[in-house]
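K.L.:
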Ligand SMILES: Cc1cc2nc3c(=O)[nH]c(=O)nc-3n(C[C@H](O)[C@H](O)[C@H](O)COP(=O)(O)O)c2cc1C
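Numbering (my numbering), first residue to last: 112 to 300.
#1: Can you tell me whether DSSP reads residue 268 as helix, strand or coil?
#2: For residue 189, count the other beta carbons within 10 Å of its own beta carbon; 16 or more makes it buried, fewer makes it exposed. Which is it?
#3: Relative to the C-alpha of residue 215, which residue among 205, 148, 162, 196 is closest?
#4: I want to check one thing, is the minimum distance from the CB of residue 268 to the heavy atoms of ligand 1 below 7 Å?
#5: For ligand 1, which residues count as neighbours when the test is a C-beta closer than 5 Å to any heavy atom?
#6: My parser needs the alpha helix (DSSP H) runs of 4 or more residues fully inside the segment 187 to 260; what are they?
#7: Evaluate the contact criterion for the segment 150 to 162 versus the segment 177 to 194: three or more CB pairs, one atom per stretch, below 8 Å.
#8: Taking the CB atoms as reference points, tell me whether residue 116 and residue 282 lie closer together than 8 Å.
#9: Is residue 284 close to chain D, meaning its C-beta is less than 8 Å from at least one C-beta of that chain?
#10: What number of angstroms, rounded off, separates the C-alpha of residue 180 from the C-alpha of residue 113?
#11: Are residue 295 and residue 220 closer than 8 Å when you measure CB to CB?
#12: Compute the beta-carbon to beta-carbon distance between residue 245 and residue 212, rounded to the nearest angstrom, for a pair I have assumed lies under 8 Å.
#13: Would residue 255 and residue 131 be called neighbours here (beta carbons separated by less than 8 Å)?
#14: How many whole angstroms separate the CB atoms of residue 249 and residue 242, which I take to be in contact at a CB cut-off of 8 Å?
#15: Taking residue 287 as the reference, which of 260, 183, 259 has the closest Cα?
#16: For residue 217, is the classification buried or exposed, using 16 other Cβ atoms within 10 angstroms of its Cβ as the cut-off for buried?
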């Protein structure tokens, strides 16, 4: 069964990105097992001196979650036109050692929501750049939920039909990227 690690880049209880992520999670088929990442707030600031095996429980759990996934889906907020610091920090931990990091060659897709008009497009672009630098296979699909307070109903359902369709395409693109990667691995074996 395909395993997807789903990450909301917001730590906020009533987060629009957490809602967007849950809407995406509901669109995966029954043959996909989705884990929503917990514990992002417990990850300490990256310090190379601390980066030794077993140094931090939260970092071990973070790296294990990435290692156990076939693909990664991230919904990011935008803070001052960029990636929230805690999300970038977590990816910095995951990225080391670079040559063997668990994101290497792993399909990853980014979506985002913001209260402003543009739906975190700059944060999304920067996150794609960072994921590519770490070695992930960044899937080129996007959902940008601008004016987020108007896009979800009280249950947290994304009510905009166009955005729902785009979210479905993102989910499909990620699943296809996993299948492609597996087919390549079989050919190489
Ligand atoms: C520190 C900070 C910086 C922000 N900067 C931006 C920004 O650059 N662009 C934007 O559209 N929204 C910005 N916002 C507003 C966020 O879009 C809004 O808080 C949104 O709800 C965050 O996502 P969440 O609901 O998932 O927590 C900022 C919010 C905070 C707290």
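By construction, the Cβ of each residue, glycine as well, lies at the ideal position given by its N, Cα and C atoms.
P.N.:
On the basis of the data shown:
#1: In the chain shown, counting from the first residue as 1, residue 268 sits at position 157. Three-state result, residue 268: coil.
#2: Along the chain shown, read from residue 1 onward, the residue named residue 189 stands at position 78. It is buried - the Cβ of residue 189 has at least 16 other Cβ atoms within 10 Å.
#3: Locating residue 215 in the chain shown gives position 104, where the first residue counts as 1. Per the Cα distances, 205.
#4: Stepping through the chain shown from its first residue, residue 268 is reached at position 157. Judged by the Cβ position, residue 268 fails to qualify as a neighbour of ligand 1 at the 7 Å threshold, every heavy atom of the ligand being at least this far.
#5: 121, 123, 126, 127, 128, 188, 189, 190, 191, 192, 225, 226, 227
#6: Taken in chain order, the whole alpha helix (DSSP H) runs of length 4 or more contained in the segment 187 to 260 are 196 to 205, 232 to 245.
#7: Short answer: they don't touch.
#8: Counting from one through the chain shown, the residue named residue 116 turns up at place 5. Counting from one through the chain shown, the residue named residue 282 turns up at place 171. Here residue 116 is not near residue 282, since their CB atoms are 8 Å or more apart.
#9: No chain D is part of this structure, which consists of one protein chain only.
#10: For this step, residue 180 is matched to residue 69 along the chain shown. For this step, residue 113 is matched to residue 2 along the chain shown. Whole-angstrom Cα-Cα distance: 8 Å.
#11: Counting from one through the chain shown, the residue named residue 295 turns up at place 184. Counting from one through the chain shown, the residue named residue 220 turns up at place 109. Cβ distance not < 8 Å, so residue 295 and residue 220 don't count as in contact.
#12: Here residue 245 refers to the residue found at position 134 of the chain shown. Here residue 212 refers to the residue found at position 101 of the chain shown. That pair is a contact at about 6 Å.
#13: Residue numbering aside, residue 255 sits at position 144 when the chain shown is read from its first letter. Residue numbering aside, residue 131 sits at position 20 when the chain shown is read from its first letter. Contact flag unset, no.
#14: On the chain shown, residue 249 is found 138 positions in, with the first residue counted as 1. On the chain shown, residue 242 is found 131 positions in, with the first residue counted as 1. With 8 Å as the limit, residue 249 and residue 242 qualify as a contact, their Cβ atoms being about 5 Å apart.
#15: Counted from its first residue, the chain shown places residue 287 at position 176. Here the closest residue by C-alpha is 183.
#16: Against the chain shown, residue 217 aligns to sequence position 106. When all chains shown are included, residue 217 counts as buried.
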